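What follows is one structure encoded as structure tokens, with my remarks underneath.
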Amino acid sequence: MSVIDILTRVDAICKKYEKYDVERLNGDNVAGDDAFARLYASVDLDVESALQKAETASQEKNRAAVVALNAEIRRTKARLLEEVPKLQRLALKKNIAFCEIFLYQVKGLSKEELSTRNDLVLALPDRIQSIPDGSTNGAKATGSWTASASRTEIRFDSTSDGRFESEYFQQTEESNQFRQEYEMRKMKQDQGLDIISEGLDTLQNMAHDMNEELDRQVPLMDEIDSKVDKATSDLKNTNVRLKETVNQLRSSRNFCIDIILLCIILGIAAYLYNVLKK
Amino acid sequence: MTTQDPGKLMAKADKLTKLSFTRWNADWKNATALYEQAAVGYRFKKENEKAKEAFEKASKGQEMISSPWDAAKHMESAASLAKELGHWNEVSDFYRKASELYRECGRSQPASDALGKGASALEDTNPDEAVRLYIDACEILEEDGKEQMAFDLYRAATSTYVKLERYTDAATLLLRWGVAADKCNAVNSQCKAYLSAIIIYLYMHDFQQAQKCYNDCSQVGAFLSSDQGRCARKLLSAYEEGDIEEIKRLAQPSPITHLDHVIIKLARKLPTGDLKELEKEEDKETLDENDLT
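Chains as they are written, first to last, in my numbering: chain A, 1038 to 1315; chain Z, 7 to 299.
Structure, rendered in structure tokens:
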């Protein structure tokens, strides 16, 4: 059994027995009881998915697909940034609504946990902003802008235009190189294409000449054809007549008589030769 | 029989053919056979003069017994021997005679072949005669509707004309070539012929003629829309603008490189003479155009 087979089988088995996975269910349940944890988990999930989309966008060749993916990422980022204040409030709250049964879990929202939650929430906007969506370029000071921008504004370019000037010089260094490389490659391609076109022209000319030559030879071939037909019919004729003649010869006894006479003459000649030799 | 001395055979054959008191009818059949053998014998011995004579007589004999095909064949052999001997007028005479005999047989292709061979033999020594032979050969083929075969002859004739520097004749011949190509739907050859004609006119520095030629040829739709037509258009417009670089650039790429090498040489030398003259002439033209009276 190959490794792939083993893997597929393991996957199938896991899927089948998913519902018995206590740990996972417990994890879900735990998150389910705590509003903050729930929200945080969902935000986390969204951030992860957005990062994945950014990955695919960076590897995508189709420009239109890249643009669409970037737009989606920006929308997700905007939505997540809206959730961040909610999370902040939740982090500070001590959620004791559901702690009756799972007292030990939530009531003991110790100081450390509170601080960690705070840190997590504070780190979240940065994480969200750092998701590449096709318009950021190592920008750092995101927090201030997003805080001042109103939420209802349609963010066309989420890393805003004001910063464009400061980034301008950074961009042109890289893009200059890129542009040069692009020009060089374009020149090389043009040269190659020129050579190809010359070759194709020669081929076209040769093909035309061959065409004309073949046209020239068609009537010649027809002539040859008719002449050879005539020759074959003549030959057939001659063959038939020859066959008749030979049959005639064979049917009569002339042939045998000829052979006998020939033998007699040879015998006489041999006799004479012997006699003369002596 | 073959070991017999060709001289003896000749003598015998002559005796057979000479009418004398005792002989009222010349016995051409036997004589011809003897002449042929003698000719072969002489050729084997490399006595070209005598072989040539023998072939001539053999051919005459064949004519007499009315087999023009063999007669023509012998004439051709005689002509090739004359070529080796260097009797150039004899060469042309023999080849013409051979061609006529072929035409008697009704076979036009060998007839024009004979003339073609004669022309190529005479190209170096007597090019005028050579060209005449080429043109006659082309005419024979065209009469018979076999223009396709004439292309090679046209090509050879054009190169001979260019060598003689008779450019107008060359251009006229090219246009005839174009007509022949048209009849057998050989579009590529036709366009090439027209382009070559235009180039020759430009080489002769005769811009008006070139323009006229281009306009005439544009009547043919195939030429207008072909690569060659486009190249001609660009060439003429470059000439009008007096742009030497453009002309030189145009002479490089493909439609011209596919033409006959003689024409390519002319095209490479292209712009000949002073382009300013052309401009002056053109100004006169524009004045005429503006003159509406």
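From the three backbone atoms N, C-alpha and C, an ideal C-beta is built for every residue, glycine too.
Bear in mind that the values here come from a model prediction, so they are computed numbers and not experimental data.
Note to self: Any C-beta of chain A within less than 9 Å: which residues of the segment 139 to 156 of chain Z qualify?
What the structure shows: The residues in question are K152, Q154 and M155.
Checklist line | G92/Z, buried or exposed, once every other Cβ within 10 Å from all chains shown has been counted against 16 | finding: Burial check for G92/Z: the Cβ neighbour count within 10 Å stays below 16, so the residue is exposed.
Checklist line | Q225/Z, DSSP secondary structure in three states | finding: coil
Next item on the list: State the Cα-Cα distance for the pair T23/Z and N36/Z, rounded to the nearest angstrom.
Entry: 9 Å
Checklist line | Residue-level contact to chain A via CB, A192/Z, 8 Å cutoff | finding: Yes, A192/Z lies at the interface with chain A (some Cβ there is under 8 Å from its Cβ).
Note to self: So, for A1091/A: in the same chain, excluding its five sequence neighbours on each side, which residues have a beta-carbon less than 7 Å away from its beta-carbon?
What the structure shows: I1110, I1168, P1169 and D1170
Check: With 16 as the cutoff for other CB atoms within 10 Å, does Y200/Z come out buried or exposed?
Finding: buried
Checklist line | Burial state of E153/Z, where buried means 16 or more other Cβ atoms lie within 10 Å | finding: buried
Checklist line | Residues in the segment 264 to 276 of chain Z having any Cβ partner in chain A nearer than 8 Å | finding: H264
Check: Between which two residues does the alpha helix (DSSP H) carrying Q196/Z extend?
Finding: V193 to Y209
Next item on the list: Measure the CB-CB distance between A238/Z and Y209/Z and report whether it falls below 8 Å.
Entry: no
Notebook entry, point to check: For S195/Z, which residues in chain A fall below 9 Å Cβ to Cβ?
Noted result: Per Cβ cutoff of 9 Å: H1245, D1246 and E1249.
Item checked: Segment limits, alpha helix (DSSP H) that includes E110/Z -> W94 to C111
Next item on the list: Consider the Cβ of D1271/A: report whether some Cβ of chain Z lies at a distance smaller than 8 Å.
Entry: no
Notebook entry, point to check: Nearest chain Z C-beta to N1242/A closer than 8 Å, yes or no?
Noted result: yes
Next item on the list: Report yes or no: is there a C-beta of chain Z within less than 8 Å of the C-beta of D1252/A?
Entry: Chain Z contact via Cβ: present.
Notebook entry, point to check: In the structure shown, what three-state DSSP assignment does L15/Z receive?
Noted result: If DSSP states are grouped into helix, strand and coil, L15/Z belongs with the helices.
Checklist line | Test item: CB-CB of I1165/A and L1117/A under 8 Å | finding: yes
Next item on the list: Identify every run of the beta strand (DSSP E) within the segment 144 to 181 of chain Z, keeping only runs that are complete inside it and at least 3 residues long; order them along the chain.
Entry: Those beta strand (DSSP E) runs which fall completely within the segment 144 to 181 of chain Z and span 3+ residues do not exist here.
Item checked: Cut-off 8 Å between Cβ atoms - residues of its own chain near E82/Z, not counting five sequence neighbours on either side -> F100, Y101, A104, A120 and K123
Margin query: Could you compute how far the alpha carbon of S171/Z sits from the alpha carbon of P116/Z?
Written below: The amino acid at residue 171/Z is misidentified as Ser; the sequence shows Glu. Rounded to whole angstroms, the separation of the alpha carbons of P116/Z and E171/Z is 30 Å.
Next item on the list: With a 10 Å radius around its C-beta and 16 neighbouring C-beta atoms as the bar for buried, classify A1307/A as buried or exposed.
Entry: exposed
Notebook entry, point to check: How big is the Cα-Cα spacing for A1128/A and D1081/A?
Noted result: 15 Å
Item checked: Cβ-based burial, L1299/A [other Cβ within 10 Å; buried from 16] -> So L1299/A ends up on the exposed side.
Note to self: I'd like to know whether the C-beta atoms of N194/Z and D1246/A end up nearer to each other than 8 Å.
What the structure shows: Result yes, Cβ atoms of N194/Z and D1246/A sit closer than 8 Å.
Margin query: Tell me whether K58/Z, by its Cβ, gets closer than 7 Å to a heavy atom of the ligand GDP.
Written below: For the ligand GDP, the structure offers nothing, since it holds no ligand at all.
Note to self: Just to confirm my understanding: we take A203/Z, look at its own chain, exclude 5 residues before and 5 after, and list those with CB closer than 7 Å. What are they?
What the structure shows: A177, L180, L181 and C219
Next item on the list: Give the DSSP-derived three-state secondary structure of E1055/A in the structure shown.
Entry: helix
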